[in-house]
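In terms of the numbering used here, the sequence shown opens at residue 169 and continues consecutively. Glycine included, each C-beta is placed from N, C-alpha and C at the ideal position. Since the model is a prediction, treat every value here as computed from it, not as a measurement. To keep things clear, I will list the structure first and then write my remarks on it.
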Amino acid sequence: MPARALFIAGAGTEIGKTYVTAALTRRLRAQGRAVRTVKPLASGVPSLGDPGFIESDTARLLDAQGIALDAEAVESCSPWRFSAPLSPDQAAVLEGRSLDLTDLVGWCRAEIARTEGTLLIEGVGGLMSPVTAVATGLDWLRALGVPALLVSGSYLGAISHALTACETLRLHDVPLRAVAVSESPGAPAPAATVAAAIARHAGAPVFCLRRGETCPEDLAGLI
Ligand SMILES: Nc1ncnc2c1ncn2[C@@H]1O[C@H](COP(=O)(O)OP(=O)(O)OP(=O)(O)O)[C@@H](O)[C@H]1O
Ligand SMILES: C[C@H](N)[C@H](N)CCCCCC(=O)O
Ligand SMILES: [Mg+2]
């Protein structure tokens, strides 16, 4: 039985995708549900031996799954890792490497087929950040044919960024399960106010994770 898969997309980069994905992973596990979380493509990743690796998306997602950090676990979570904190296509060029969308999609499909329960797939950067020289995260998501959870911040401007991503998903017939607003530091408006504004236009349920908060039960219930 293939996994129920969900792609976590961002209205932008460094917006809270990993924070929300890790929180959602912990909540699903607490509910006794089988869940696996992957970040297939990552940039800005130090080498495994670097002390900073513990702050990487891969390390944080493995920790949320209760998986010990070792080379095998890292490879199975994030097979394409690049060190430059840039768009993955640019980071790959700096290492003399390249990536084809067919390989990325093929890997994800194989993981969906072999995973029991729920498979959470964190994207990279924002929804339309390049993932290869010619493809964006939207191309990746459309090729997978799985629903999305969109992560927004609550900074000034976040409403338009989130609704622009929602509209893009709608125009491309990508099912949007929910929007999760992850509170941004120093935002001028309460995150709940930003979430309510997004909810008026998003056409999907909107949830809010204040700073340091865990994943709401009813968000996990939707997945
Ligand atoms: N609700 C929150 N409470 C506390 N910290 C948060 C929250 N949302 C985001 N952060 C923190 O903000 C920083 C950026 O968040 P995160 O790494 O999840 O972004 P991202 O969208 O996954 O970034 P990337 O595009 O690099 O994958 C991290 O240090 C994260 O722990
Ligand atoms: C380094 C950063 N945290 C992400 N891993 C990659 C962000 C790529 C953004 C590309 C873009 O949309 O401008
Ligand atoms: Mg992340």
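Sequence-distant residues of the same chain with beta carbon closer than 6 Å to residue i, five excluded per side
| i | result |
| --- | --- |
| E284 | A202 |
| R345 | P315, L317 and L390 |
Helix, strand or coil at residue i [DSSP, three-state]
| i | result |
| --- | --- |
| A326 | helix |
| A210 | strand |
| G274 | helix |
| F375 | strand |
| A348 | strand |
| D238 | coil |
Closest residue to residue i among the options (Cα-Cα distance)
| i | options | result |
| --- | --- | --- |
| A239 | A232, Q258, D218 and D257 | D218 |
| G212 | V206, L387 and E223 | E223 |
| P214 | S320, V242, C334 and H369 | V242 |
| P247 | L390, S322, K185 and V273 | V273 |
| A357 | L324, A177 and G291 | L324 |
| I327 | T300, T361, G354 and G305 | T361 |
| T193 | F221, A179, G234 and G321 | G234 |
| V299 | W275, D257 and P343 | D257 |
| D231 | G371, Y187 and I183 | Y187 |
| A367 | G354, E290 and L331 | L331 |
Residues of its chain near residue i, where Cβ-Cβ distance is below 7 Å and the 5 sequence neighbours each way are ignored
| i | result |
| --- | --- |
| T181 | G293, G294 and S297 |
Which residues DSSP lists as bridging residue i, in chain order
| i | result |
| --- | --- |
| T304 | P298 |
| C245 | Partner(s): none; C245 has no beta bridge. |
| F175 | I289 and A316 |
| V203 | T286 |
Nonlocal neighbours in the same chain, by C-beta distance under 8 Å from residue i, ignoring five residues either side
| i | result |
| --- | --- |
| T226 | K207, A210, V213, V242, C245, S246 and R249 |
| G220 | P214 |
Below 8 Å, how does it come out for the stretch 242-261 and the stretch 171-178: are there three or more Cβ pairs, yes or no? Because the criterion of three Cβ pairs below 8 Å is not met, the stretch 242-261 and the stretch 171-178 do not touch.
Contact the stretch 337-352 vs the stretch 309-316: 3+ CB pairs below 8 Å: Flag = yes, the stretch 337-352 and the stretch 309-316 touch.
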